[in-house]
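A.B. asks:
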Amino acid sequence: MVDKWYEDLTPEEKAKTLLLGNDVYAFFHSDPETCIDTQGCTSPVTLRQGFEIVNDELIPLWFKVFADVTSGDPTKWSDLTKELGSVAANSAALFFWTPSREIPAALTHEVMTLTIRAYKDSGYTQLYGEDTIAWEFYFFDHAWPDAVIIDEDDFEGTLDGWGVVGYERFEYKTGYAYKGAYSLNIAGYRTSYGAWKSGILDASGQWVPYKGQYMQKGFAIGAFSHAFAVVHMTRSGQNANNCVRVHYDDKDYIIRTGIPVGSFQPWRCCAKLWTDATETLRISVITGADGSYGWDDVRLDDIIIVAFPGCPPPGEQFINGDFETGDLTGWIVEGTHSDGTPTWEVRTDAECQPDGAGLRAWLAAKDTDPPGPIGCPRITGALRQEFASPIPVECFTDSSIFKVQTKWGTDLCNPVPPEVWQLEVLYTDGTSTVVDLSGDPQGVWVSHELKPVLVAGKKVKGVKFTATVDACGGPGCGVTEVMVDNCTCTT
Numbered sequence: 001m002v003d004k005w006y007e008d009l010t011p012e013e014k015a016k017t018l019l020l021g022n023d024v025y026a027f028f029h030s031d032p033e034t035c036i037d038t039q040g041c042t043s044p045v046t047l048r049q050g051f052e053i054v055n056d057e058l059i060p061l062w063f064k065v066f067a068d069v070t071s072g073d074p075t076k077w078s079d080l081t082k083e084l085g086s087v088a089a090n091s092a093a094l095f096f097w098t099p100s101r102e103i104p105a106a107l108t109h110e111v112m113t114l115t116i117r118a119y120k121d122s123g124y125t126q127l128y129g130e131d132t133i134a135w136e137f138y139f140f141d142h143a144w145p146d147a148v149i150i151d152e153d154d155f156e157g158t159l160d161g162w163g164v165v166g167y168e169r170f171e172y173k174t175g176y177a178y179k180g181a182y183s184l185n186i187a188g189y190r191t192s193y194g195a196w197k198s199g200i201l202d203a204s205g206q207w208v209p210y211k212g213q214y215m216q217k218g219f220a221i222g223a224f225s226h227a228f229a230v231v232h233m234t235r236s237g238q239n240a241n242n243c244v245r246v247h248y249d250d251k252d253y254i255i256r257t258g259i260p261v262g263s264f265q266p267w268r269c270c271a272k273l274w275t276d277a278t279e280t281l282r283i284s285v286i287t288g289a290d291g292s293y294g295w296d297d298v299r300l301d302d303i304i305i306v307a308f309p310g311c312p313p314p315g316e317q318f319i320n321g322d323f324e325t326g327d328l329t330g331w332i333v334e335g336t337h338s339d340g341t342p343t344w345e346v347r348t349d350a351e352c353q354p355d356g357a358g359l360r361a362w363l364a365a366k367d368t369d370p371p372g373p374i375g376c377p378r379i380t381g382a383l384r385q386e387f388a389s390p391i392p393v394e395c396f397t398d399s400s401i402f403k404v405q406t407k408w409g410t411d412l413c414n415p416v417p418p419e420v421w422q423l424e425v426l427y428t429d430g431t432s433t434v435v436d437l438s439g440d441p442q443g444v445w446v447s448h449e450l451k452p453v454l455v456a457g458k459k460v461k462g463v464k465f466t467a468t469v470d471a472c473g474g475p476g477c478g479v480t481e482v483m484v485d486n487c488t489c490t491t
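Position 225 of the sequence shown, counting from 1, maps to 225 under our numbering, and the rest follow consecutively.
(1) L423 and V435 look like a contact to me (Cβ under 8 Å); what is the Cβ gap, rounded to whole Å?
(2) Could you give the residue range of the beta strand (DSSP E) that holds W344?
(3) Output needed for K451: all residues of its chain with C-beta closer than 7 Å, excluding positions within five of it in sequence on either side, in chain order.
(4) Could you check where the beta strand (DSSP E) with R48 kicks off and where it finishes?
(5) Here's the rule I'm using: 16 or more other beta-carbon atoms within 10 Å means buried, otherwise exposed. How should T480 be labelled?
(6) Rounded to whole angstroms, what's the CA-CA distance from L80 to Q442? Just pull it up for me.
(7) I'd like the list of long-range same chain contacts for C269, defined as Cβ closer than 6 Å, with 5 residues on each side in sequence excluded.
(8) In the DSSP output, which residue or residues are listed as bridge partners for T488?
(9) Among R282, R235, G258 and T278, which residue has its Cα nearest to the Cα of R504?
(10) Taking the beta strand (DSSP E) that N185 falls in, what are its first and last residues?
(11) Tell me, to the nearest whole angstrom, how far the beta carbon of V69 is from that of E110; I am working on the premise that it is less than 8 Å.
(12) So what does DSSP say about C395, is it helix, strand or coil?
(13) In the DSSP assignment, what residue or residues form a beta bridge with G381?
(14) Could you tell me if T174 is buried or exposed, where buried requires 16 or more neighbouring beta carbons within 10 angstroms of its beta carbon?
(15) For a quick check, are the C-beta atoms of A134 and T113 less than 9 Å apart?
(16) Per the DSSP calculation, T174 is bridged to which residue(s)?
(17) Looking only at its chain, what residues have a beta carbon closer than 7 Å to the beta carbon of G430, apart from the 5 residues adjacent to it on each side?
(18) If you run the structure through DSSP and keep just helix, strand and coil, what is T113?
(19) Please go through the same chain and pick out, in chain order, the residues whose beta-carbon is closer than 6 Å to the beta-carbon of F137, but skip the five residues on each side of it.
(20) Look at the alpha carbon of E52 and the alpha carbon of T433, and state the distance between them as a whole number of angstroms.
(21) Closer than 8 Å by C-beta to E316: which residues in its own chain qualify, once you throw out the five before and the five after it? Chain order, please.
(22) My assumption, with CB atoms under 8 Å, is that I391 sits in contact with K464. Please give the rounded CB distance.
(23) Suppose you measure from the CA of L94 to the CA of G50; what does that come to, to the nearest Å?
(24) Span of the beta strand (DSSP E) holding G443?
(25) Could you tell me which of K366, G321, H337 and Y25 sits nearest to K64, measuring between CA atoms?
(26) Between which two residues does the beta strand (DSSP E) containing K16 stretch?
(27) Out of P266, G166 and D440, which has the shortest C-alpha to C-alpha gap to A187?
(28) Rounded to the nearest angstrom, what separates G72 and V393 at their Cα positions?
(29) Check the DSSP bridge columns for V69 and list the partner residues they point to.
(30) Just how far apart, CA to CA, sit A365 and P377?
(31) Can you tell me which of the three DSSP states T75 falls into?
(32) The beta strand (DSSP E) that contains G163, what's its start and end?
(33) Please name the residue in W421, E83 and L412 whose C-alpha comes closest to that of F96.
(34) In the DSSP output, which residue or residues are listed as bridge partners for A227?
(35) Give me the Cα-Cα distance between D322 and P370, rounded to the nearest whole angstrom.
(36) Would you call the segment 139-150 and the segment 175-183 touching, i.e. three or more CB-CB distances under 8 Å?
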């Protein structure tokens with residue numbers, strides 16, 4: 001039960017508290033920046049977020065949670081909406097929101113707007129009040145090929161460089177191991193007087209670890225895009241609502257576990273760390289049944305510091321983006337004509353609407369290609385380039401440039417526009433952002449800015465141009481042609 005009025009909450013507590021009315025509010029039990037290490041998990045993965053709803057009104061209220069994905073792929077999520085039930089007047093209740101998401105294939109950052117609404121009726125039709133909070137999710141797998149393990153400590157006969165402040169017992173010990181034979185054993189004081197508390201009450205009346213007691217270790221993390229701490233708690237001690245508190249100079253994460261009292265049940269906790277700096281990581285736990293002077297062991301094991309590649313060095317990421325080598329060096333051509341030649345080539349000018357603008361990549365059907373649905377020779381081909389290193393979307397700043405120029409033309413007297421003419425921005429997770437080029441004006445070079453279409457949290461692998469065109473003949477030029485030039489990408 002919350003033991004504070006809303007007005008008495010600290011600014012940090014208010015940031016995690018939704019005010020649904022003058023005397024109704026919801027307090028989240030974990031940080032709204034949530035990190036999930038999916039290594040070993042089965043897709044979809046179900047998340048568990050607890051929050052306490054306090055109803056100090058004179059009437060019972062019913063509550064419902066909604067979530068809208070504002071940055072990311074909402075089709076990968078399920079169970080975002082949930083009817084929670086009622087809270088009696090002058091009462092509080094703990095609820096759990098359990099959405100599921102398909103496990104992504106690459107580091108993914110998604111943002112959603114979480115809304116809790118209070119209703120006056122069980123049919124959820126008479127709105128009493130609502131409030132929203134931005135919730136961020138980071139999905140990763142510390143075993144992915146591009147993951148860089150900066151440190152991994154499994155306490156196999158050593159403390160692995162970790163120091164301690166405040167705990168009476170801090171030792172490696174056999175048993176309750178997530179990995180190997182040993183785990184880290186932490187316990188507070190047995191005495192009832194003169195000892196520091198290992199836990200304190202938060203604004204919802206729940207015990208959370210006291211920041212004055214902690215284990216610590218310094219880490220130098222380079223210029224990566226993201227870094228995370230992965231901590232495995234394997235035994236909770238006597239506290240029914242134990243949690244791991246990960247804190248450093250800029251952040252303070254509280255990650256609650258679902259381990260039954262005194263049981264061996266490994267629970268993975270993750271927190272986002274700093275990059276391009278050296279800081280001291282601190283981890284705090286509750287060691288007693290009441291969060292204060294009780295004595296019981298908590299076990300941690302296999303603490304991993306993992307990072308993912310940062311932004312590439314400044315400079316052009318395309319190879320031969322202007323085709324001035326006179327060939328398709330750096331590019332991959334998909335498809336061939338009926339005579340076995342590649343579908344794309346380098347030309348000095350357009351055939352239908354010449355512009356004298358120099359070398360460009362060019363595609364058109366040949367007379368010998370098989371006929372398409374309209375009876376004319378038809379060809380489909382793709383031209384793609386994959387960058388030397390994937391580029392996290394977050395690396396694109398206001399000063400970055402990511403654009404291409406394209407053009408298409410056909411006989412003005414017998415116009416046959418491309419059946420397909422598109423560009424894809426390719427991501428490392430196998431998805432892409434498609435830009436339709438078929439609506440561009442004929443015979444004109446069009447510059448396409450690609451930064452505005454990028455999806456946050458993804459990594460750009462490269463680009464791909466795809467076209468399906470016909471050669472129907474005519475008094476001017478006998479083909480429908482598509483062209484690419486001046487591709488540039490600088491971060």
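Even glycine gets a Cβ: it sits at the ideal position worked out from N, Cα and C.
Only a predicted model underlies this, so the values are computations on that prediction, with no experimental measurement involved.
C.D. replies: Let me spell this out:
(1) Indeed they touch by this definition, with Cβ atoms about 4 Å apart.
(2) Bounds of the beta strand (DSSP E) holding W344 are W344 to R347.
(3) Non-local C-beta neighbours of K451 in its own chain, meaning closer than 7 Å and more than five positions away in sequence, comprise F396, S400 and F402, ordered along the chain.
(4) Premise fails: R48 is in no beta strand (DSSP E) and is neither H nor E.
(5) T480 counts as buried, since at least 16 other C-beta atoms from the protein chains shown sit within 10 angstroms of its C-beta.
(6) If you take the alpha carbons of L80 and Q442, they lie about 45 Å apart.
(7) Non-local C-beta neighbours of C269 in its own chain, meaning closer than 6 Å and more than five positions away in sequence, comprise V231, V244 and I255, ordered along the chain.
(8) Beta-bridge pairing by DSSP links T488 to K403.
(9) An answer regarding residue 504 cannot be provided, because it is not within the stretch 1 to 491 covered by the chain.
(10) Counting along the chain, the beta strand (DSSP E) containing N185 begins and ends at Y182 to A187.
(11) With 8 Å as the limit, V69 and E110 qualify as a contact, their Cβ atoms being about 6 Å apart.
(12) Three-state result, C395: helix.
(13) Beta-bridge partners assigned by DSSP to G381: A467.
(14) Taking all protein chains in view, the Cβ of T174 is surrounded by fewer than 16 other Cβ atoms within 10 Å, so the residue is classified as exposed.
(15) Result yes, Cβ atoms of A134 and T113 sit closer than 9 Å.
(16) Beta-bridge pairing links T174 to Y182.
(17) Excluding sequence neighbours, G430 sits near A105.
(18) Strand at T113.
(19) So the list reads T34 and E110, once near-sequence residues are dropped.
(20) Going from the Cα of E52 to the Cα of T433 covers about 39 Å.
(21) Excluding positions up to five away in sequence, the list reads T488, C489 and T490.
(22) The Cβ separation is near 15 Å, so there is no contact.
(23) Taking the Cα positions, L94 is about 7 Å away from G50.
(24) No beta strand (DSSP E) contains G443, which DSSP labels as neither H nor E.
(25) Out of K366, G321, H337 and Y25, Y25 has the C-alpha closest to the C-alpha of K64.
(26) Here K16 belongs to no beta strand (DSSP E), and DSSP marks it neither H nor E.
(27) Nearest of P266, G166 and D440 to A187, Cα basis: G166.
(28) Rounded to the nearest whole angstrom, the C-alpha separation of G72 and V393 is 12 Å.
(29) Per DSSP, M112.
(30) The alpha-carbon atoms of A365 and P377 are separated by roughly 6 Å.
(31) In this structure, T75 counts as helix in the three-state DSSP scheme.
(32) Taken as a continuous stretch (DSSP letters only), the beta strand (DSSP E) holding G163 covers G163 to V165.
(33) In terms of CA proximity to F96, E83 leads the group W421, E83 and L412.
(34) Under DSSP, the beta-bridge partners assigned to A227 are A307.
(35) Each residue's alpha carbon lies about 31 Å from the other.
(36) Cβ pair count under 8 Å is below three, so no.
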